[in-house]
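The next block holds one structure in the form of structure tokens; read it before the comments.
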Amino acid sequence: MKFISTRGNGEIISSSKAIINGIADDGGLYVPMEFPKLYDTLKKKMGLSYEELAYEIIRRFFDDIGDENLKEAINNAYKDKFFVKEENNFLELYHGPTSAFKDAALLFLPQIMRCAKKKENISEDIVILTATSGDTGKAALQGFSNVDGFKIVVYYPKDGVSKIQQKQMITQEGNNVSVIGIRGNFDNAQTGVKSIFGDSELKKKLKEEGFLLSSANSINIGRLIPQIVYYFYGYFDLVNKQKIKEGDKINVVVPTGNFGNILAAYYGKKMGLPIEKLICSSNENNVLTDFLNTGVYDKRRKLILTESPSMDILISSNLERLLFEANNREALETKRLMDDLNLKGTYSISKNAKEFLSDFYGNYANADEIYEAIKDVYNNDGYLMDTHTAVGYVVLNKYRKETSDLRQALIVSTASPYKFPRSICNALGIDIIEKDDFEILNILSQNTNTDIPKNLMNLDKKEVLHKEVCNKDKMKDSLLDFLRRSKND
Ligand SMILES: *Cc1c(COP(=O)(O)O)cnc(C)c1O
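For the sequence shown, the positions run 269 to 757 when the numbering used here is used.
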């Protein structure tokens, strides 16, 4: 399998190169040349474990690192660390070390990057730089911690993440990790990282010292392909439980931010998985809802901070990959749209491309609807869902009301309710006035008779290992400090 850029500089590269590069030189995103029709093969193998299924799917895309290497990478990533479970049609993707679905991709990325680095004979240490608003940082730290040949540096806004998220990060162990609080907001952290990436002087100097910069951002194809796996897994699970017959079409509901997860579902559909509608669910930052309804993408609006913070986003980067398909893989048109977005903040797609998008349905949920859904589902079914998952649940109900399409649906559950315990308690009407986040974990557990995930338990008692805080204009210095220190170790 070869990979090409969505913006058409014409280069055709191997999967190893695509994973190491992350983003193409022309600013585009890497996509596979084609999508193997795998469903008919895989349906005969129903009942494979998650790791086995992952191997069958991923090896069709990342085929230049060797089957044995890939098997080892998948086992290192997932074995005893991550599993997927379907309950009440919720596909729970948060049973990993950080209790959010980003684990699925960020456990795998370091492993496949390690293989790709070897394949490409890269001798430098790869330094992963990440700015985080909370979830990505911890998942990336967990994935890259103690992986040979890599270092990871995470910048987070010191006062811009939840207490639990902060504690998750600053207690991270590993001899190759650095976690730094920024006196500023997430945008400042992200801008700082981008400016480091854009500093060719610095990059040259680092190369001389044996370091190469890279990113664990969700536009890396190494993060996207492994997400296809859980849609096959979830579908086969519904068949095994006899909720559907093999071949029946289902709908898939995805709480969406950067458009990576729902794009993976769409790729699954292209590989033959029987999916009817892809239901794109947004919170009040409903730029994708408007886009799917009108064909006009317009980011010129204010970002609203919601209780599903991992979906508070106005530029859904992975949408570029869908636009590429919607325009018959015409790179020039994709480039035109992305240039419009950069220059004008908006773009408008052609009539044909708009018709192509009819596989998707888009809608959004507001704060009241989310609270009501969390409460209703808990009271009626005894099922506890987090605020992001609730967005999907609300939007599915809107879709069903509008269309009367009541077929079986798989709702992707992206985070444990225990990652957002304050919101969940508020939704359920549990009194938490003047309690801190760690007390609230216990209160939620006692009130709902559910277990706190192991990785969040006793978090408040863990030793703080990363105390560094820096001004937003000193991020480069702190990076150099860390690399110098780690060299002397
Ligand atoms: C990242 C994230 C999402 C959004 O996923 P995308 O692939 O960016 O669309 C949804 N829910 C949670 C909890 C997340 O962490």
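Every residue gets a Cβ at the ideal spot worked out from N, C-alpha and C, and that includes glycine.
Model, not experiment: these values are computed from the prediction.
- Would you list the one or two residues that DSSP bridges to Pro378? DSSP lists no partner for Pro378.
- Query: For Thr557, is the classification buried or exposed, using 16 other Cβ atoms within 10 angstroms of its Cβ as the cut-off for buried?
  - Reply: So Thr557 counts as buried.
- Query: Lys511 by DSSP, collapsed to three states: which one?
  - Reply: If DSSP states are grouped into helix, strand and coil, Lys511 belongs with coil.
- Message: Just to confirm my understanding: we take Ala621, look at its own chain, exclude 5 residues before and 5 after, and list those with CB closer than 6 angstroms. What are they?
- Response: So the qualifying residues of the chain are Ala594 and Asn595.
- Task: Provide the residue span of the beta strand (DSSP E) that contains Ile390, from first to last.
- Result: Counting along the chain, Ile390 falls outside any beta strand (DSSP E), and DSSP gives it neither H nor E.
- Buried or exposed: Arg752, going by 16 or more other Cβ atoms within 10 Å of its Cβ? exposed
- Query: Is the CB-CB distance between Gly295 and Arg275 below 8 angstroms?
  - Reply: Less than 8 angstroms divides the Cβ of Gly295 from the Cβ of Arg275.
- Item | For Glu601 and Leu374, the rounded distance between their alpha carbons | Those two C-alpha atoms are separated by around 31 angstroms.
- Message: Please tell me whether, using a cut-off of 7 angstroms, the distance from the CB of Lys339 to the nearest non-hydrogen atom of ligand 1 is below it.
- Response: no
- Taking only runs that begin and end inside the region 525-604, name each unbroken beta strand (DSSP E) of 3 or more residues, in chain order. 543-550 and 564-566
- Query: Under a three-way DSSP split, which group does Val429 fall into?
  - Reply: If DSSP states are grouped into helix, strand and coil, Val429 belongs with coil.
- Do the CB positions of His656 and Ser746 come within less than 8 angstroms of each other? no
- Message: Which residue wins for smallest C-alpha separation from Asp293, given the options Phe303, Ile280, Pro300 and Lys305?
- Response: Ile280
- Task: Please go through the same chain and pick out, in chain order, the residues whose beta-carbon is closer than 7 angstroms to the beta-carbon of Ala759, but skip the five residues on each side of it.
- Result: Outside the displayed range of the chain (269 to 757) lies residue 759, so it cannot be described from this structure.
- Counting only the same chain and skipping the five closest in sequence on each side, list residues whose C-beta sits under 6 angstroms from that of Arg491. Ala373 and Leu377
- Task: Could you please give the first and the last residue of the uninterrupted alpha helix (DSSP H) stretch that includes Ala286?
- Result: Ser283 to Asn289
- Message: If you measure between the beta carbons of Met579 and Gly660, is that distance less than 8 angstroms?
- Response: Contact: no.
- Query: Applying the criterion that 16 or more other CB atoms from any shown protein chain within 10 Å of the CB defines a buried residue, is Arg781 buried or exposed?
  - Reply: Nothing can be reported for residue 781: it is not among the residues displayed for the chain, which extend from 269 to 757.
- Limits of the unbroken beta strand (DSSP E) element including Ser401: That residue, Ser401, is in no beta strand (DSSP E); it is neither H nor E in DSSP.
- Query: Given Ile438, which residues of its chain have a CB within under 6 angstroms of its CB, disregarding the five upstream and five downstream residues?
  - Reply: Short of 6 angstroms from the beta carbon of Ile438, and not among the five residues preceding or following it, lie these beta carbons of its own chain, in chain order: Val447, Val732 and His734.
- Message: Run through the DSSP bridge pairs and tell me what Val737 is partnered with.
- Response: Gly449
- Task: Report, in whole angstroms, the separation of the C-beta atoms of Gly405 and Val422, which I expect to be a contact under 8 angstroms.
- Result: 4 angstroms
- Item | Segment contact flag, the region 332-352 with the region 459-473, C-beta cutoff 8 angstroms, min 3 pairs | Output reads no: the region 459-473 does not touch the region 332-352.
- Task: Determine, using beta-carbon pairs with one atom in the region 307-320 and one in the region 361-373, whether at least three such pairs fall under 8 angstroms.
- Result: no
- Message: Quick check on the DSSP output: the alpha helix (DSSP H) that includes Leu481 runs from which residue to which?
- Response: Element bounds for Leu481: not the alpha helix (DSSP H) but the beta strand (DSSP E), Phe479 to Ser483.
- Anyone know if the C-beta pair for Ile325 and Leu306 falls short of 8 angstroms? Contact: yes.
- Query: Helix, strand or coil: how does DSSP classify Ala373 here?
  - Reply: helix
- Query: Closer than 7 angstroms: is that where the CB of Thr398 sits relative to any heavy atom of ligand 1?
  - Reply: no
- According to DSSP, is Gly630 helix, strand or coil? strand
- Pair every Cβ in the region 407-419 with every Cβ in the region 674-687, then say whether three or more of these pairs are closer than 8 angstroms. no
- Does the beta carbon of Lys406 fall short of 7 angstroms from some heavy atom of ligand 1? no
- Query: Would you say Phe527 touches ligand 1, meaning its beta carbon is less than 7 angstroms from a heavy atom?
  - Reply: Yes, since a heavy atom of ligand 1 falls inside the 7 angstroms radius drawn around the Cβ of Phe527.
- Using CA coordinates, which residue listed in Asp505, Phe628 and Tyr535 is at the minimum distance from Ile547? Considering only alpha carbons, the answer is Phe628.
- In whole angstroms, what is the alpha-carbon distance linking Asp516 and Tyr499? 14 angstroms
- Query: Within the present structure, is the beta-carbon of Met314 separated from the nearest heavy atom of ligand 1 by less than 7 angstroms?
  - Reply: no
- Task: Give me whichever residues DSSP pairs with Leu616 in a beta bridge.
- Result: Looking at the sequence itself, residue 616 is Ser, so the reference to Leu does not match. The partner list for Ser616 (beta bridge, DSSP) reads Val564.
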